[in-house]
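Taking my numbering, the leading residue of the sequence shown gets -18, the next gets one more, and so forth.
Heads up, the thing below is written out as structure tokens.
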Amino acid sequence: MPALARVAPLVEPSKATAAFAADVLAGLQAERKTLPAKYFYDSAGSRLFERISQLPEYYPTRTELGILREHAADMAGRLPDQAALVEFGSGASTKASILLGAAPQLAAYIPVDISSEVLHHEADVLRRSFPRLAVIPVDADFCQLFEVPAELASLPRAGFFPGSTIGNFEPHEACTFLRNAGRILGRGAAFIIGVDLVKDRAVLHAAYNDAAGVTAKFNLNLLARINRELGANFNLKCFEHHAFFNRERSRIEMHLASIKRQKVKVLGETIEFRAGETIHTENSYKYTPASFSALARGSGWSVQALWTDANQYFAVYFLVNEPMSRAQRDT
Ligand code: AVJ
């Protein structure tokens, strides 16, 4: 390699920033403007989500925690001895701790996440709480195929995917994710997954339009992040948080609506907005037990058990990886 080629440019944008820039431009230059929901979670966004999860109107986090606490022993009793629990997109491992506390037969916990600082810090915390458990974080995008650490490759595996994050995927993406998880976890593996339920429109609406305006701040932070990291000039006062339940598609949609006709500069490009035009920033799909079971079945998993709360606001599913028999496939 010629020596010159190895000299880094003065300002070398990281790979992550380059991907963010490309996704933002593509989304804002599309006919219907969109931005990927995964970019909500910079450090300001993660703190805002933490606040959302404590809001009185935002039932998912507290309801799922209640279900996990109440049924941890039942869930744990279905997991094999000496298994490795693989958590997809772990973040803070509060929910995993509940399960791990009830499942002393597990040999290892493998949190998989891209934000490696939090990942390694949380791993240390868990090692102190569970000294006999091997805690081996994997730095990876959990939507891609990743390798289970070699020293754990011989253990049976179980998956854990709480938080209804699967609701942020389009149904076909959720199917691809579940199929990938099946390949990573192996035949016969278990998968414990938290999914938000379809419910009364007013309850859903309030959860994404909280009175304190934290969800609006969370949504607008995406524009603030684009300003900070990509040098854009969005005026946050000129965009409004919109969230509503789209019953036909069984999803909450979040948008940022331009309150007037305006132009914004992003990475040297001019983005024009009509008055009222929106950027679609998130879908949060809601499933019934029947619609989620069908999705799971079509992705190589069958529902062995499910737990819900007294209001039936949220469901935790215990799936088993078993490819359909020919008879099932043909009907
Ligand atoms: C983290 C995906 C569960 O869809 O409810 C919260 C994100 N968006 N308020 C959800 C979110 C707006 C949240 N999940």
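Each residue gets a CB set at the ideal place from its N, CA and C atoms; glycine is no exception.
Selection from the options that minimises the alpha carbon distance to residue i
{"i": "I173", "options": "V301, Y40, F1, P17", "result": "V301"}
{"i": "Y189", "options": "A25, T15, L36", "result": "L36"}
{"i": "V179", "options": "S231, L217, A197", "result": "S231"}
{"i": "S135", "options": "A65, A54, E45", "result": "A65"}
{"i": "R278", "options": "P118, P152, R28, Y294", "result": "P152"}
{"i": "T289", "options": "A89, I33, H52", "result": "H52"}
{"i": "H101", "options": "L87, V119, R113", "result": "V119"}
{"i": "I91", "options": "D122, P130, A171, S97", "result": "P130"}
{"i": "L159", "options": "S34, Q125, L49, L46", "result": "Q125"}
{"i": "K244", "options": "A286, R255, H236", "result": "R255"}
{"i": "S24", "options": "A271, L287, R206, Y40", "result": "R206"}
{"i": "F295", "options": "A155, D181, L29, G212", "result": "D181"}
{"i": "E258", "options": "F273, K241, S274", "result": "K241"}
Spatial neighbours of residue i in its chain, beta-carbon cut-off 7 Å, leaving aside the 5 residues before and after
{"i": "N149", "result": "A18, E263, N264, S265"}
{"i": "I117", "result": "A89, I91, P130, L133"}
{"i": "A(-16)", "result": "Confidence in A(-16) is poor, its pLDDT being 43 and thus under 50, which makes the residue's placement unreliable; the coordinate value appears in the next sentence. Closer than 7 Å at Cβ, skipping near neighbours: no residue."}
{"i": "A84", "result": "A57, L60"}
Per DSSP, the bridge partner or partners of residue i
{"i": "G175", "result": "V297"}
{"i": "N159", "result": "Reading off the sequence shown, one finds Leu at residue 159, where the question assumed Asn. Answer is none; L159 lacks a bridge partner."}
{"i": "S265", "result": "I233"}
{"i": "D120", "result": "D94"}
{"i": "R138", "result": "A65"}
{"i": "I252", "result": "V245"}
{"i": "T259", "result": "A238"}
{"i": "N292", "result": "Paired residues: none, contrary to the question."}
{"i": "E221", "result": "A238"}
{"i": "N302", "result": "W282"}
{"i": "N227", "result": "R232"}
Cutoff 8 Å; reference residue i; Cβ partners in own chain excluding five residues on either side
{"i": "L185", "result": "F226, I233, K267"}
{"i": "L6", "result": "V247, L248, E250"}
{"i": "A192", "result": "E38"}
{"i": "G169", "result": "P137, V301, N302, E303"}
{"i": "M(-18)", "result": "Bear in mind that the predicted position of M(-18) carries a pLDDT of just 43, short of 50, making it unreliable; the figure below should be weighed with that in mind. So the list is empty, once near-sequence residues are dropped."}
{"i": "P(-10)", "result": "For P(-10), the predicted model reports a pLDDT of 49, less than 50, meaning its position is unreliable; a value from the coordinates is still stated below. Once the five neighbours on either side are set aside, P(-10) has no close Cβ partner at all."}
{"i": "I79", "result": "L46, L49, R50, A53"}
{"i": "Q10", "result": "E250, I252"}
{"i": "A224", "result": "H186, Y189, N190, T196, N200, I233, E234, M235, H236"}
Proximity test, residue i beta-carbon vs the ligand AVJ heavy atom, cut-off 7 Å
{"i": "N149", "result": "yes"}
{"i": "F141", "result": "no"}
{"i": "V298", "result": "The sequence shown places Tyr at residue 298, not Val. Not under cutoff, so the answer is no."}
{"i": "G144", "result": "yes"}
{"i": "F199", "result": "yes"}
{"i": "I33", "result": "yes"}
{"i": "P41", "result": "yes"}
{"i": "T157", "result": "no"}
{"i": "M235", "result": "yes"}
{"i": "S265", "result": "yes"}
{"i": "T196", "result": "yes"}
{"i": "Y189", "result": "yes"}
Closer than 7 Å: residue i CB and nearest the ligand GDP heavy atom
{"i": "P17", "result": "In the structure on display, the ligand GDP does not appear, and the ligands it does have are the ligand AVJ."}
Nonlocal neighbours in the same chain, by C-beta distance under 6 Å from residue i, ignoring five residues either side
{"i": "A(-14)", "result": "With a pLDDT of 46 at A(-14), under the threshold of 50, the modelled position of that residue is not reliable, and the figure given next carries that caveat. None."}
{"i": "Y298", "result": "I174, V284, L287"}
{"i": "G82", "result": "none"}
Whole-angstrom C-beta distance between residue j and residue i, which should lie under 8 Å
{"i": "L114", "j": "L87", "result": "7 Å"}
{"i": "F21", "j": "F199", "result": "6 Å"}
{"i": "V93", "j": "A121", "result": "5 Å"}
{"i": "F127", "j": "I165", "result": "7 Å"}
{"i": "P41", "j": "S110", "result": "Incorrect: roughly 25 Å between the Cβ atoms, too far for contact."}
{"i": "I260", "j": "K14", "result": "4 Å"}
{"i": "E103", "j": "S71", "result": "7 Å"}
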